[in-house]
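Taken in sequence, the protein lines are chains A and B.
In terms of the numbering used here, the first sequence opens at residue 22 and continues consecutively.
In terms of the numbering used here, the second sequence opens at residue 22 and continues consecutively.
Glycine included, C-beta positions come from ideal geometry on N, C-alpha and C.
A quick note: this is a predicted structure, and the numbers were derived from the prediction, not measured.
Protein chains: 2
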Amino acid sequence: MLTLYFAPHTISLATHIVLEEVGADYTTVRIDFGTTQQRSPDYLKINPKGRMPALVTDRGILTETPAMLVYVAQSFPKAGLAPIDDPFVFAQIQSFNSYLCSHLHVAHAHRMRGYRWVDADDRHSIAAMQRKVPQSVSEAFAMIEREMLQGPWVMGERYTICDPYLFTLAQWLETDGVDPKRIPKVMDHRRRMSERATVKKAIAQEFA
Amino acid sequence: MLTLYFAPHTISLATHIVLEEVGADYTTVRIDFGTTQQRSPDYLKINPKGRMPALVTDRGILTETPAMLVYVAQSFPKAGLAPIDDPFVFAQIQSFNSYLCSHLHVAHAHRMRGYRWVDADDRHSIAAMQRKVPQSVSEAFAMIEREMLQGPWVMGERYTICDPYLFTLAQWLETDGVDPKRIPKVMDHRRRMSERATVKKAIAQEFA
């Protein structure tokens, strides 16, 4: 049995969708981001980093989305969401997911989490970071559009763990100030993702 | 045959060390960061993101350190640097490497790459980011010291791809304003890493 600690409007949705895709037997625990429950002593016992999400397994607790996605895919090999036996294609999947976690998600986070990188009461710098987000996030999505998204899925004909991860970050692109007309492949990918029953179910659970 | 595009003083050292550890047949191409050669048209053909490093393989080009580390480990299984057949331990390795790329390395980058997240001519915000680096990088190393580094190696008794990656980021901790006395396990790890013949050889090649 797996337990996903999640919060709506966070990157936890990516792992949530993959749990649905593989048909895992899992439960969820909702953490209230609004009251910063993710920094509560109880949750810090689950994830000392105080971040979302966390996945409780029979062998221990896992954090960090790229790791959790591979873990779920590898635990349910029949779903075929990550070709771990092909080192090069698997590396391409890992490379894409690394770009999302270390570049796109980080650029996005400067809109609401600027206090991680400057003093929280430095209004000038916090605002300066927010003003840069439309450019930095747009450039990251343009790179994905031009160089990475093979189509119809991220890795081409094969649907993989990259797809729910990209979809989750693409939820926020309008709010980040990205012009959807400049990234038609990303927008088409998002639309097709949103029509999948697994995606609908995960979203419905998060916002129930 | 593998070819590593690298630059001294960058994260490329992590992959470089792992290539040595596995005994790979590889060559290197040095990119001059000082003249921003990483943004040259020739290098952008190798890595459109204009970042270090890139690994040219017989099947194509790979980027992003977490992906390259797993690829090299998986291509040379006898070296045993990543237990890919154990989904939970492999996920722990991936989780650690994700934390390095998306959190520790990002915190560090605010010291010299602030222009990614605010306008380059906004001196106030660039300086504000630099002032925060000692705190943000120290907190990340404290988290590694307290919660992640099992000892003697990152994953315990087994030396893995996590070790060269941590070692490479630990090269910069004094310049980032971290107090070494607060992270004795990290410092002991760095010292033992620096004594390995493979590490000495990779460093000697980068600075030759």
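Could you pull the DSSP bridge partners for TYR186/A from this structure? Partner(s): none; TYR186/A has no beta bridge.
Using DSSP with H/G/I as helix, E/B as strand and the rest coil, what is LEU121/B? helix
Can you give me the C-alpha to C-alpha distance between PHE144/A and ARG212/A, rounded to a whole angstrom? Note that residue 144/A is Arg in the sequence shown here, rather than Phe. Answer to the nearest angstrom: the Cα atoms are 37 Å apart.
Is the Cβ of HIS37/B closer than 8 Å to any Cβ of chain A? no
Thinking C-beta only, is TYR26/A closer than 8 Å to VAL50/A? yes
For a test of the three-state rule: what should DSSP assign to ARG51/A, helix, strand or coil? strand
Amino acids of chain A, ordered along the chain, whose beta-carbon sits closer than 7 Å to that of ALA143/B: Ala is not the amino acid found at residue 143/B; the sequence shown has Asp there. Within chain A, the residues near ASP143/B are ALA149.
Looking at the unbroken beta strand (DSSP E) that takes in VAL97/A, where does it start and where does it end? According to the sequence as given, residue 97/A is Phe; it is not Val. Unbroken run through PHE97/A: none, as it is neither H nor E.
Quick one: grab the DSSP three-state call for TYR180/A. coil
Using 8 Å as the Cβ pair cut-off and three pairs as the minimum, do the region 158 to 165 of chain A and the region 117 to 127 of chain A touch? yes
Which of the residues in the region 193 to 226 of chain A, read from start to end, lie with their CB under 7 Å from any CB of chain B? none
If I measure Cβ to Cβ from GLN171/B and keep anything under 8 Å in the same chain, skipping five residues before and after, which residues do I get? GLY177
Using the beta-carbon of each residue, which ones in chain B are nearer than 8 Å to PHE27/A? Within chain B, no residue comes near PHE27/A; the closest Cβ sits about 17 Å away, beyond 8 Å.
Please look up how many angstroms separate the CB atoms of PHE109/B and GLY81/A, rounded, as I've assumed it's under 8 Å. 7 Å
Under 8 Å, CB to CB, which of the residues in the region 65 to 93 of chain A have a partner in chain B? PRO69, LYS70, THR78, ARG80, GLY81, LEU83, THR84, GLU85, THR86, PRO87, ALA88, MET89, VAL91, TYR92
Please determine, among ILE32/A, PRO98/A, PRO69/A, the residue with the shortest C-alpha to C-alpha distance to MET169/B. PRO69/A
Using the C-alpha atoms, what's the distance from ALA130/A back to LEU190/B? 22 Å
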